[in-house]
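*Asks:* Chains as they are written, first to last, in my numbering: chain D, 227 to 518; chain S, 118 to 625.
Dropping a structure here in structure tokens format, bear with me for questions.
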Amino acid sequence: MRITQGMMTNNMLNNLTKSFNSMNKYMDQLNTGMKITKPSDDPFIAIKGLGYRSQLVQAEQYSSNAAEVHQWMDNSDGALDHATQGLQRLKELATLASNGTNSKDELENIAKEVDQIKEDLMSIANLKVNDKYIFNGTNTTVPPFGSDGQPSAGFADQKPVKVPISPGVELTANVNGQTVFGGDFFANIDNFSQALKSSDSANIDQYISKIDTNIESVVNARADLGARMNRLDLVENRLSQQELTAKDIMSKNENVDYEKAITDLLTQETMHRAALSAGARIMQPSLVDFLR
Amino acid sequence: MSTFHGLEMAKQALFTQQMGLYTTGHNISNVNTEGYSRQRVNFETLSPYPSASRNRPQMPGQIGQGVKAGTVQRMRDSFLDTQYRSQTSRASYWSTKTDALSRMESVMNEISGGDGLNKVLDDFWKSLQSLSTNATNSGARDVVANKGLAVAETFKYLSTSLEGIRTDLKTQIGDADGTSGKLGDANSLLRQINSLNKQISEIEPHGYLPNDLYDQRDVLIDQLSQIVNIKVTYEKSSNSSLDIADGIANIELEDATGNSFNPAFSLLTKGDMTKADSELKKFTIAYGDGENNSISEIKFGDTVVPIDKVDGSLKALSENYGIKNGDKNYYTKMLSDLDKMASEFIKAFNEIHSSGYGLDGTTGRNFFTGTKASDINVSSEILQNTDAIAASLEANNKGDGQNMLKLSDVITEPISGLGTNTSVKTYYQKLIGELAVNTQEAGRNAKNTALQQANVQNDRLSVSAVSLDEEMTNLLKFQHAYNASARSMTAMDELLDKIINSMGLVGR
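Structural data, given as structure tokens:
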């Protein structure tokens, strides 16, 4: 085949362009840390990437949902713990008051403490966390008990706060305030206080068992909450595992293998240098240089 | 035999070698001229003396009379031209298509770090989920409104950007009357080729080869083959033209497989040489089919061009822009797919949103307005008052975010209007997947066809291109022959000197 200068120039330009393109590709990979910079580089990787990224977003969101649930539960548990303590004290006071040896003054003093404890329990029932009343179901903007001490509308019929923790799986985050503070919870305490104030020692006995019943419902609620907290722990572990896995798969799918990319780049650079110096050698001489 | 036979022969040799030298100079001068084919002087021996005839002088055999320059021919292989042109049409089709699809791809911007629709939908889903757990939080409501706005704006951005590129493609294809864009180029090339045909037909009958006009014509034909694939046949310009003359180029449109249409689709014939430029047939185009303003037809003269059956950049541009009833209308298809996706999404989202209750207790409100990708927006009611976002399933249950969960499902759960088991997300992923595969295929074909084109181009250059080394060698060859001819003339000169000045002096 007859070879002319023009052909050699063309070939060399083509080869240099090709080599530049490859270098550009490796540079892109190193700069972005990604195997591909546009979907058409590898449609398969790209489409899988879209799916993985959505999965990761979901895993992250469900983790954050779970953290939200955790907060609800921790606060509810703390509040119920506090409520139990208050109720225990009420029971002690009821026992103390019921032994019949107390003077009227002493009973009135007990009544004062009972009133304070009731206020405390009332504030627990109306506990607001993150601007939400946590013992009023989904009706989080309304306090369960009004300033008159009466339950608000809907308190008796509150709905569970359900938070999704996986696709299609929801966990109840709250403790039903009605099962703890509902019924005659506060009426009992009021009556107890009333009985103390009127020194009606004969009737005080009955409150011991009534308070016991209240303690029991709080303990039951905590037990139920504890079981859900256990489940939440499991779910949180699984979610963080999922998040890790999703990140890992995503990284394997689209992140560049630096060793490989750098090696490729260096190899390409060597070839490019060789092509340039060969070109410089071949382009230069012609017969003109040697004829006198 | 004439006395001066030797002088004449040497003179003829000097002239002829000089022509060789000049042609070499012409070749060297045009070493970098695009489309130039190297030229060669075909040397011929002059007819010997005496010619065989009844009154021939009685001589023992014939004696040569020297050399003459027969023709000046350009070195070119028409078979390689044909190959090169069909490769050019193919390469030009794929590279134009790759360009158009790559532009679409960069608009969609769907790769890690990109802010494509996929990511925006993910973000929106996240904001809906967050609001579901904090239904009364005004911050979370703002986030939902803004992420919803981002979804709407991304739809609109995609739609207007793709339309923008389509407008660009239309400019590249050309105006209705075929004066601009590729159509304008094709029309102008045909006119120029016709004019060269005319010039060539005026030179060839005189026994000349208008090599440089041939070259110019071949460059124009090469350019035309980028736009549509063509078949070139040659016709003798007159009976008195040389046999090796190229003649008049007839150009016809060819289908993508390299065959003539039946009946043949002629673009330029010998007969066109008598016509003025304004009378020549030309490519025209009609737009305006349907709401997306597709190409209704491309015509040459009165004949409809079967654009889907040809090759070249015109087809690639048309396919991307959109042809009436075409099956590869990449841009119009993407636009209508996005519209469908937006419309189903808006419908499904609004249906659920309007059944829920806002913080202000109202219900029956739409979240999105509009019906397609180009006009989707977040309702101004919601942008002005985020309490209107219907997070709750019941009027007075403000802390309930269950409706947000149902709304977040609109993004991830199948919507029947988009196909069986197809959600907004998977539908979009399918669009991106198809685009990526098409772009990849186009890119690969563009690379391959460009390589083949370069190979044929090399083959062609191997025949036609000027090699300086070769020209320098020829220069030496002709120079030496010239010197030697001059030397033979000197010998003749001495011979005659002897006859004229030294002979006939007997008895002086």
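Quick reminder that beta carbons are idealized off the backbone N, C-alpha and C, glycines included.
#1: Need the endpoints of the alpha helix (DSSP H) that residue 390 of chain D sits in, please.
#2: Opposite residue 370 of chain S in the DSSP bridges: which residues?
#3: Quick one: give me the first and last residue of the alpha helix (DSSP H) that residue 246 of chain S is part of.
#4: Tell me, please, whether the CB atom of residue 681 of chain S is closer than 8 Å to any CB atom in chain D?
#5: Starting from the C-beta of residue 252 of chain D, find all residues in its chain whose C-beta is less than 7 Å away, skip the five residues before and the five after it, and write them out in chain order.
#6: Can you tell me whether residue 480 of chain S is helix, strand or coil according to DSSP?
#7: Check the DSSP bridge columns for residue 161 of chain S and list the partner residues they point to.
#8: If you measure from the beta carbon of residue 451 of chain S to each beta carbon in chain D, is any gap under 8 Å?
#9: Between the C-alpha atoms of residue 338 of chain S and residue 475 of chain D, what's the straight-line distance to the nearest angstrom?
#10: Which two residues bound the contiguous beta strand (DSSP E) that contains residue 398 of chain D?
#11: Within 10 Å of its beta-carbon, does residue 400 of chain S have 16 or more other beta-carbons around it, so buried, or fewer, so exposed?
#12: Is it buried or exposed, residue 611 of chain S, if we count other Cβ atoms within 10 angstroms and call 16 or more buried?
#13: Where does residue 195 of chain S sit, in a helix, a strand or coil, going by DSSP?
#14: Is residue 552 of chain S close to chain D, meaning its C-beta is less than 8 Å from at least one C-beta of that chain?
#15: Is there a Cβ from chain D that is less than 8 Å from the Cβ of residue 228 of chain S?
#16: What residue range is occupied by the uninterrupted beta strand (DSSP E) comprising residue 411 of chain S?
#17: Please list the partners that residue 517 of chain D has in chain S, where partner means a Cβ-to-Cβ separation under 7 Å.
#18: Let me know if residue 227 of chain D comes out buried or exposed under the rule of 16 or more other beta-carbons within 10 Å of its beta-carbon.
#19: Can you list the residues of chain D that residue 243 of chain S reaches, using a CB-CB cut of under 7 Å?
#20: Under 8 Å between C-beta atoms, does residue 269 of chain D make it to chain S?
#21: Tell me whether residue 479 of chain S, by its Cβ, gets closer than 7 Å to a heavy atom of the ligand SAM.
#22: Three Cβ pairs or more, each shorter than 8 Å: is that satisfied between the segment 309–326 of chain S and the segment 436–449 of chain S?
#23: Pull up the distance between the alpha-carbon of residue 292 of chain S and that of residue 422 of chain S, whole angstroms please.
#24: Return helix, strand or coil for residue 403 of chain S, following the three-state DSSP convention.
#25: Where does residue 352 of chain S sit, in a helix, a strand or coil, going by DSSP?
#26: With a threshold of 6 Å on Cβ separation, who are the neighbours of residue 336 of chain S within its own chain once the five nearest residues in sequence on each side are excluded?
#27: Pull up the CB-CB distance for residue 266 of chain D and residue 227 of chain S, whole angstroms please, since I reckon it's below 8 Å.
#28: Which bits of chain S does residue 236 of chain D rub up against, with CB to CB less than 8 Å?
#29: Cα separation between residue 553 of chain S and residue 268 of chain D?
#30: Give me, in chain order, the residues of the same chain whose beta-carbon lies closer than 6 Å to that of residue 534 of chain S; leave out the 5 immediate sequence neighbours on both sides.
#31: Under three-state DSSP, which class holds residue 516 of chain D?
#32: List the residues of chain D whose Cβ lies closer than 7 Å to the Cβ of residue 582 of chain S, in chain order.
#33: Considering just the uninterrupted stretch of the alpha helix (DSSP H) at residue 370 of chain D, what are its terminal residues?
#34: Identify the residues that DSSP records as bridge partners of residue 540 of chain S: which are they?
#35: With DSSP run on the structure shown, which of helix, strand or coil describes residue 447 of chain S?
#36: Cβ atoms of residue 261 of chain D and residue 485 of chain D: under 8 Å apart, would you say?
*Replies:* Once the coordinates are examined:
#1: Within the first sequence, residue 390 of chain D is the residue found at index 164, counting from 1. Note, residue 390 of chain D: premise wrong, no alpha helix (DSSP H); beta strand (DSSP E) at 388–392.
#2: Numbered from 1 along the second sequence, position 253 holds the residue referred to as residue 370 of chain S. DSSP output for residue 370 of chain S lists S/347, S/382 as bridge partner(s).
#3: Taking the second sequence and counting its residues from 1, the one referred to as residue 246 of chain S is at position 129. Per DSSP, residue 246 of chain S belongs to the alpha helix (DSSP H) from 234–250.
#4: The structure shown does not extend to residue 681 of chain S, since chain S spans only 118 to 625, so no value can be given for it.
#5: Taking the first sequence and counting its residues from 1, the one referred to as residue 252 of chain D is at position 26. Correct list, in chain order: 487, 490, 491, 494.
#6: The count along the second sequence starts at 1 and reaches residue 480 of chain S at position 363. Three-state result, residue 480 of chain S: strand.
#7: One-based indexing of the second sequence puts residue 161 of chain S at position 44. Paired residues: S/185.
#8: In the second sequence, counting from the first residue as 1, residue 451 of chain S sits at position 334. With 8 Å as the cut-off, residue 451 of chain S does not count as an interface residue toward chain D.
#9: Along the second sequence, read from residue 1 onward, the residue named residue 338 of chain S stands at position 221. Along the first sequence, read from residue 1 onward, the residue named residue 475 of chain D stands at position 249. Taking the straight line from one Cα to the other gives about 54 Å.
#10: By 1-based counting over the first sequence, the position of residue 398 of chain D is 172. Membership of residue 398 of chain D in the beta strand (DSSP E) is indicated by the continuous run 395–398.
#11: For the purposes of this step, residue 400 of chain S is taken as residue 283 along the second sequence, with counting starting at 1. So residue 400 of chain S ends up on the buried side.
#12: The sequence position of residue 611 of chain S within the second sequence is 494, counting from 1. Looking at its Cβ environment, which holds fewer than 16 other Cβ atoms inside 10 Å, residue 611 of chain S is exposed.
#13: Counting from 1 along the second sequence, the entry for residue 195 of chain S is found at position 78. Of the three classes helix, strand and coil, the one that applies to residue 195 of chain S here is helix, per DSSP.
#14: Taking the first residue of the second sequence as position 1, residue 552 of chain S is located at position 435. Interface flag for residue 552 of chain S against chain D is set, since a Cβ pair is found closer than 8 Å.
#15: Looking up residue 228 of chain S in the second sequence gives position 111. Yes, contact with chain D.
#16: Your numbering for residue 411 of chain S matches position 294 in the second sequence. Note, residue 411 of chain S: beta strand (DSSP E), 411–417.
#17: If you number the first sequence from 1, residue 517 of chain D lands on position 291. In chain order: 589.
#18: Reading the first sequence from its first residue, position 1 is the one you call residue 227 of chain D. That one is exposed.
#19: Translated into positions along the second sequence, residue 243 of chain S becomes position 126. Result: 283, 287.
#20: On the first sequence, residue 269 of chain D is found 43 positions in, with the first residue counted as 1. By this cut-off, residue 269 of chain D is an interface position.
#21: Ligands displayed in this structure: none; no statement on the ligand SAM is therefore possible.
#22: no
#23: Looking up residue 292 of chain S in the second sequence gives position 175. Looking up residue 422 of chain S in the second sequence gives position 305. The alpha-carbon atoms of residue 292 of chain S and residue 422 of chain S are separated by roughly 16 Å.
#24: Stepping through the second sequence from its first residue, residue 403 of chain S is reached at position 286. In the structure shown, residue 403 of chain S sits in a strand (DSSP, three-state: E or B).
#25: Translated into positions along the second sequence, residue 352 of chain S becomes position 235. Strand.
#26: Translated into the one-based positions of the second sequence, residue 336 of chain S becomes position 219. Around residue 336 of chain S: 152.
#27: Here residue 266 of chain D refers to the residue found at position 40 when the first sequence is read from its first residue. Here residue 227 of chain S refers to the residue found at position 110 when the second sequence is read from its first residue. With a Cβ gap of about 11 Å, residue 266 of chain D and residue 227 of chain S do not count as contacting.
#28: In the first sequence, the residue the question calls residue 236 of chain D occupies position 10. Under the 8 Å cutoff, chain S gives 571, 574, 575, 578.
#29: Position 436 of the second sequence holds residue 553 of chain S. Position 42 of the first sequence holds residue 268 of chain D. Looking at the two C-alpha atoms, the distance is approximately 8 Å.
#30: Working through the second sequence from its first residue, we reach residue 534 of chain S at position 417. The beta carbon of residue 534 of chain S is closer than 6 Å to those of 461 in its chain, skipping five residues each way along the sequence.
#31: Counting from one through the first sequence, the residue named residue 516 of chain D turns up at place 290. Three-state DSSP puts residue 516 of chain D in coil, outside helix and strand.
#32: Along the second sequence, read from residue 1 onward, the residue named residue 582 of chain S stands at position 465. Going along chain D in sequence order, the residues near residue 582 of chain S (Cβ under 7 Å) are 230, 232, 233.
#33: Locating residue 370 of chain D in the first sequence gives position 144, where the first residue counts as 1. No alpha helix (DSSP H) holds residue 370 of chain D; DSSP gives it neither H nor E.
#34: What you label residue 540 of chain S is simply residue 423 of the second sequence in a count that begins at 1. In DSSP, residue 540 of chain S forms a bridge with S/531.
#35: Residue mapping note: residue 447 of chain S aligns to position 330 of the second sequence, counting from 1. Reduced to three states, the DSSP call for residue 447 of chain S is helix.
#36: Position 259 of the first sequence holds residue 485 of chain D. Position 35 of the first sequence holds residue 261 of chain D. No, the Cβ-Cβ distance between residue 485 of chain D and residue 261 of chain D is not below 8 Å.
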